[in-house]
Amino acid sequence: MEEEEEDGSSEEMVDDYGASSSEEEELLPIEKAALKQKPEREGLSEDDSEEEEEEEEEAEEASKQKMGQKEEEGPDLQLNLDIEEQFKLPTSEEIEKEAAEPPDLHVIHQRIQGNMEVLQDFGAKREEGRSRQEYLTLLRRDMAAYYSYSDFLLTKLMDIFPLPELVNFLEANEVPRPVTIRTNTLKTRRRDLAQALINRGVNLDPLGKWSKTGLVIYDSTVPIGATPEYLAGHYMLQGASSLLPVMALAPQENERILDMCCAPGGKTSYIAQLMKNTGMILANDSSAERLRSVVGNLHRLGVTNAVVSNCDGRQFPKVLGGFDRVLLDAPCSGTGVISKDPAVKTNKDEKDILRCAHLQKELILSAIDSVNAASETGGYIVYCTCSIMVEENEWVVDYALKKRNVRLVATGLDFGKEGFTRFKDHRFHPSLKCTRRFYPHTHNMDGFFIAKFKKFSNAIPQAQKDEEPAVEAAAPSAVPDTIITEPPPKKKKLEGSKADKEQKLPQPALKKKLSVQAQRRPLKAVRPSPKMMRPKVPTRKKKHRVKANGQ
């Protein structure tokens with residue numbers, strides 16, 4: 001029985017195995033085809049893997065060959081790179097040959113870059129036997145040729161900026177500054193103005209967090225200076241940098257403010273806007289022609305608290321004084337607005353800079369004398385220029401600090417670079433850190449300088465009165481009248497000798513002399529009568545006729 005069971009079990013196992021084969025026979029044709037394709041796919045995959053392995057081996061061999069070539073050529077390539085990176089100064093013959101030919105700007109630009117790399121690491125990259133001055137001379141000449149500057153102006157700029165920053169400044173002057181407008185809050189709000197201009201096809205954005213009225217224009221399908229909003233006085237075309245002096249002045253309502261050089265009227269209208277048309281603004285300019293644009297802009301913008309005058313600013317304290325605040329946007333060389341006037345690159349020299357500086361010194365003293373130090377809300381003077389020259393900025397401010405009773409205070413502007421307290425061999429007052437400089441390559445606006453003074457006394461220092469007779473005459477109220485109570489020494493001697501003689505006279509003679517002096521009366525001025533004033537007419541003598549006898 002056990003054997004039969006074992007045989008049965010074995011049969012069942014055989015049946016199970018056979019059953020599996022029978023199950024394969026019962027598969028559908030599609031399933032059978034799939035089973036047949038499996039080994040074919042496996043075979044194909046094995047062939048593909050073999051081909052991929054062969055390709056990888058070939059790629060590795062090719063890369064090894066390339067690496068071997070690079071390793072062989074490496075020293076030669078490195079040597080060539082070192083030769084190219086090593087900047088060499090041109091010889092005098094090469095310079096003469098280059099001067100006779102038209103300038104190759106590409107070659108000059110490469111030479112500027114190589115020269116600057118050497119100057120940044122002069123000890124390691126310079127040629128033996130060459131001085132730093134030779135490299136600087138070549139760099140100045142190349143920059144003057146590449147950017148079309150005069151040698152004088154480029155030398156001045158090299159004294160102000162480090163070399164990397166100088167290149168950025170020169171490059172920024174080749175690009176125009178963005179167009180900006182100022183919202184006239186006397187007539188509208190910035191939000192409403194922006195929406196109106198956007199509807200006309202103007203692409204704009206707020207100027208920045210520091211300005212609540214400015215807008216920057218990227219592009220426009222309509223002329224910005226001819227829109228209905230512009231003609232209605234809703235905004236003023238004004239550079240971003242020209243908003244800063246008025247913000248530093250911080251005019252208050254109901255104050256008396258002087259804008260000494262007001263044309264074309266952008267700053268004057270901004271002052272009126274901040275004062276909400278209260279108080280009084282005296283808009284002065286020495287050019288009668290430029291005052292026409294001032295009058296037109298003030299009428300268009302709806303300014304009603306301004307009086308326009310045509311007077312020389314240097315003589316202004318003789319005309320009117322006692323202002324709470326004064327804004328002086330002094331005439332300058334214009335070295336901060338080269339992008340607007342490229343002629344500044346070549347038409348300015350040392351005499352122009354010194355001439356502007358002399359005029360600015362006269363104007364700033366006049367502006368200080370026009371301010372009332374006893375003003376409850378003011379007593380401030382803001383001095384600004386669109387120049388970056390130290391002679392027109394820090395030198396003028398330092399001069400004013402020495403000549404008048406003023407001190408520098410913070411401008412209230414959160415950005416901008418500090419003014420120079422040291423420049424070359426010169427040392428300025430430490431408070432010049434309160435002044436602010438703005439550059440096109442750092443702030444994307446025109447170059448500008450701003451200083452703010454606080455006047456603490458109306459008196460002029462005595463030492464300065466003797467040196468400045470013109471300024472003393474301009475402000476006679478500040479000079480006390482002096483009365484000489486003691487006669488000169490010579491007169492004392494004469495009077496003493498006269499008294500001695502009178503004492504030596506006998507008493508009767510002295511009484512007689514005093515009585516004669518007492519009888520003398522002062523002469524009275526007699527008014528001439530019309531008869532006395534009538535000229536005398538010569539009279540003709542009458543001729544007497546003698547009658548002859550018998551006639």
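Note that the sequence shown covers residues 1 to 551 in UniProt numbering. Where is the CB? At the ideal position from N, CA and C, for every residue including glycine.
Residue nearest to residue i in terms of C-alpha spacing, selected from the options
| i | options | result |
| --- | --- | --- |
| Leu243 | Pro228, Gly322, Ser131, Val382 | Val382 |
| Ser457 | Ile368, Lys433, Asp285, Ile450 | Ile368 |
| Pro251 | Phe323, Glu128, Ala400 | Phe323 |
| Ala240 | Tyr270, Asn254, Gly379 | Tyr270 |
| Lys402 | Pro90, Lys417, Leu365 | Leu365 |
| Glu128 | Thr385, Leu89, Thr185, Ala343 | Leu89 |
| Thr435 | Arg404, Val396, Leu363, Thr442 | Val396 |
| Phe438 | His426, Asn405, Cys384, Pro430 | Cys384 |
| Ser131 | Met143, Asn115, Asn199 | Asn115 |
| Ser220 | Ala232, Asn184, Pro178, Leu363 | Pro178 |
| Gln120 | His106, Leu193, Leu139, Ile108 | Leu139 |
| Phe449 | Arg427, Gly416, Gly279 | Gly416 |
| Pro461 | Asn184, Leu153, Asn405, Leu301 | Asn405 |
| Cys311 | Cys261, Pro342, Asn347, Ala343 | Cys261 |
| Asp398 | Asp414, Phe428, Lys424, Glu418 | Phe428 |
| Ala144 | Ile108, Glu134, Pro440, Lys187 | Ile108 |
| Val326 | Gly123, Lys351, Pro342, Pro245 | Pro245 |
| Val216 | Ala232, Leu193, Leu231 | Leu193 |
| Leu186 | Asp151, Glu93, Lys424, Ala232 | Ala232 |
| Gln273 | Val294, Leu301, Ala357, Met158 | Leu301 |
For residue j and residue i, the rounded distance between their alpha carbons
| i | j | result |
| --- | --- | --- |
| Ile257 | Ile281 | 5 angstroms |
| Val409 | Gly208 | 24 angstroms |
| Asp259 | Ala283 | 5 angstroms |
| Asp349 | Ala196 | 46 angstroms |
| Leu359 | Ile112 | 37 angstroms |
| Arg189 | Thr421 | 41 angstroms |
| Ala459 | Leu298 | 35 angstroms |
| Asp481 | Gly321 | The predicted position of Asp481 is uncertain, since its pLDDT is 36 and thus under 50; a value taken from the coordinates is nonetheless stated next. Taking the straight line from one Cα to the other gives about 20 angstroms. |
| Lys345 | Tyr147 | 9 angstroms |
| Tyr149 | Gly201 | 39 angstroms |
| Arg355 | Val390 | 14 angstroms |
| Gln315 | Thr137 | 45 angstroms |
| Asn254 | Gly379 | 14 angstroms |
| Pro317 | Ser370 | 5 angstroms |
| Arg141 | His443 | 28 angstroms |
| Phe161 | Ala373 | 37 angstroms |
| Asp205 | Lys97 | 52 angstroms |
| Val118 | Arg126 | 6 angstroms |
| Ala248 | Gly412 | 6 angstroms |
| Val308 | Leu328 | 15 angstroms |
| Pro264 | Tyr235 | 15 angstroms |
| Asn199 | Leu153 | 45 angstroms |
| Ser211 | Asp151 | 38 angstroms |
| Gly313 | Ala400 | 16 angstroms |
| Phe423 | Lys156 | 12 angstroms |
Residues that DSSP places opposite residue i in a beta bridge
| i | result |
| --- | --- |
| Asn203 | Asp219 |
| Met236 | Arg182 |
| Cys384 | Asp329, Ile450 |
| Glu418 | Arg436 |
| His106 | Per DSSP, none; premise fails for His106. |
| Ile281 | Ile257, Ala306 |
| Gly214 | Arg182 |
| His426 | Phe423 |
| Phe323 | Val371 |
| Lys455 | Val406 |
Status (buried if at least 16 other CB within 10 Å, exposed otherwise) for residue i
| i | result |
| --- | --- |
| Ser387 | buried |
| Glu392 | buried |
| Arg41 | Caution applies to Arg41, whose pLDDT of 48 falls short of 50 and renders its modelled position unreliable; the value that the coordinates give is listed next. Looking at its Cβ environment, which holds fewer than 16 other Cβ atoms inside 10 Å, Arg41 is exposed. |
| Glu376 | exposed |
| Val303 | buried |
| Ala451 | buried |
| Ala330 | buried |
| Pro455 | Contrary to the premise, residue 455 reads as Lys rather than Pro in this sequence. Lys455 comes out buried. |
| Ile353 | buried |
| Thr180 | buried |
| Ser333 | buried |
| Glu229 | buried |
| Glu394 | buried |
| Asn184 | buried |
| residue 560 | The displayed coordinates of the chain run from 1 to 551. Any statement about residue 560 would go beyond what the structure contains. |
Chain C within 8 angstroms of residue i, Cβ atoms only
| i | result |
| --- | --- |
| Asp425 | Checking the listed chains, one finds no chain C in this structure; it contains a single protein chain. |
Distance cut-off 7 angstroms: residue i Cβ against heavy atoms of the ligand FAD
| i | result |
| --- | --- |
| Phe428 | No copy of the ligand FAD appears in this structure; indeed no ligand is present at all. |
Below 8 angstroms, how does it come out for the segment 217-226 and the segment 287-295: are there three or more Cβ pairs, yes or no? no
For the segment 338-347 and the segment 171-190, state whether three or more C-beta atom pairs, one from each stretch, are separated by less than 8 angstroms. yes
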